[in-house]
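J.: Pasting a structure below so you can have a look.
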Amino acid sequence: METRTLARADVYKWGAVTAVGVIAGYLAVVLANARHFYTDDTESQYAPLWVMLGRSLREGHLPVLVPENWMAGNYAIEEAGLLNPPQLLIDLIAPSFDNLALYATIVKLIFAIILALGVYRICLEYGSKPTWAAVAGVSIPFTGFLLFFDSASWMTAFTGTAWMVQAWASAIRYARGKSGPIPTFVFLYLAMSVQYVFPAVESGLMIVAVAIGEVVYQRRWLPSLRL
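Following the UniProt record's numbering, the numbering of the sequence shown begins with 1 at its first residue and continues without gaps.
Okay, here's the thing in structure tokens:
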């Protein structure tokens, strides 16, 4: 029991180190370019959309269809995340910020930490030591495509990826009997309900890959079929 407690404390400690490492990395990026996380589609689409949706939600209605916005007004399919609770919270808070560049950076930092901890969890489930899992977790938000495209501009790709890797870690745990199905279901729902097609497709491919991997690892079909 003592060994298990110490191991759990070690896991939590390095998880906290992962989060702190991501925060430090974000500070370094912002010091180099204060608007790095507020460029292109984030500036022209996502952040203004948060404000518009937030104002509508505060007035008591969900703007599923806004005809006066013409072809861009079908928010059920416009990456608005109307059925995604964390995104709705982001929308609700957005009108309170005058500095949208700051708000977008804070939101993206939170999702970078979610992404990093997801990778950290995946590494642990596949047998990594917490120290090396933390290295992988801190590194992932600062890899080329994620840093210069997804987190800089394409918000829904970034958030969808963050939720997907959490689903990946939870799927491994479920297949190995370490947890129930609810975490996997919740994270998959969050990944798909950002309303961007690629995280949904990637989530499906990820589940197939995990299922195949667990057949090879466990030499049994039942856990993967249950997944």
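Every residue, glycine too, gets a C-beta built ideally from N, C-alpha and C.
Cβ atoms of alanine 112 and valine 17: under 8 Å apart, would you say?
T.: In this structure, alanine 112 does not lie closer than 8 Å to valine 17 by Cβ.
J.: Just to confirm before moving on: does the CB-CB distance between tyrosine 46 and valine 64 stay below 8 Å?
T.: no
J.: For leucine 65, list the residues DSSP reports as bridge partners.
T.: Residue pairing from DSSP places leucine 65 in a beta bridge opposite Asn74.
J.: What residue range does the alpha helix (DSSP H) around glutamine 218 cover?
T.: 197-218
J.: Decide if the stretch 192-207 is in contact with the stretch 154-172; the criterion is three or more beta carbon pairs, one per stretch, under 8 Å apart.
T.: A contact between stretches requires three or more CB pairs, one per stretch, nearer than 8 Å, and the stretch 192-207 meets this requirement with the stretch 154-172.
J.: Closer than 8 Å by C-beta to methionine 52: which residues in its own chain qualify, once you throw out the five before and the five after it? Chain order, please.
T.: Pro63
J.: Would you call valine 20 buried or exposed, if buried means 16 or more other Cβ atoms sit within 10 Å of its Cβ?
T.: Valine 20 is exposed by the Cβ-count criterion.
J.: Under three-state DSSP, which class holds arginine 35?
T.: coil
J.: Does DSSP classify aspartate 40 as helix, strand or coil?
T.: coil
J.: With the cut-off set at 8 Å, would you say residue 274 and valine 107 are in Cβ contact?
T.: One cannot answer for residue 274 here, as it falls past the ends of the chain, which runs 1 to 227.
J.: My assumption, with CB atoms under 8 Å, is that isoleucine 207 sits in contact with alanine 171. Please give the rounded CB distance.
T.: 6 Å
J.: Would you please verify whether the beta carbon of aspartate 41 is less than 8 Å from any beta carbon of chain C?
T.: You won't find chain C in this structure, because it holds only one protein chain.
J.: Can you give me the C-alpha to C-alpha distance between phenylalanine 142 and glycine 25, rounded to a whole angstrom?
T.: 8 Å
J.: Could you compute how far the alpha carbon of residue 289 sits from the alpha carbon of tyrosine 174?
T.: Lying before the first or after the last residue shown, residue 289 is absent from the chain, which here runs from 1 to 227.
J.: Could you give the DSSP three-state label for glycine 177: helix, strand or coil?
T.: coil
J.: The alpha helix (DSSP H) spanning glutamate 79 covers which residue range?
T.: Per DSSP, glutamate 79 belongs to no alpha helix (DSSP H) and is neither H nor E.
J.: Applying the 10 Å Cβ sphere with the 16-neighbour rule, what's the burial state of serine 96?
T.: exposed
J.: Would you decide whether proline 130 is buried or exposed? Buried here means 16 or more other CB atoms lie within 10 Å of its CB.
T.: Residue environment: proline 130 is assigned as buried (16 or more neighbouring CB atoms within 10 Å of its CB, all protein chains considered).
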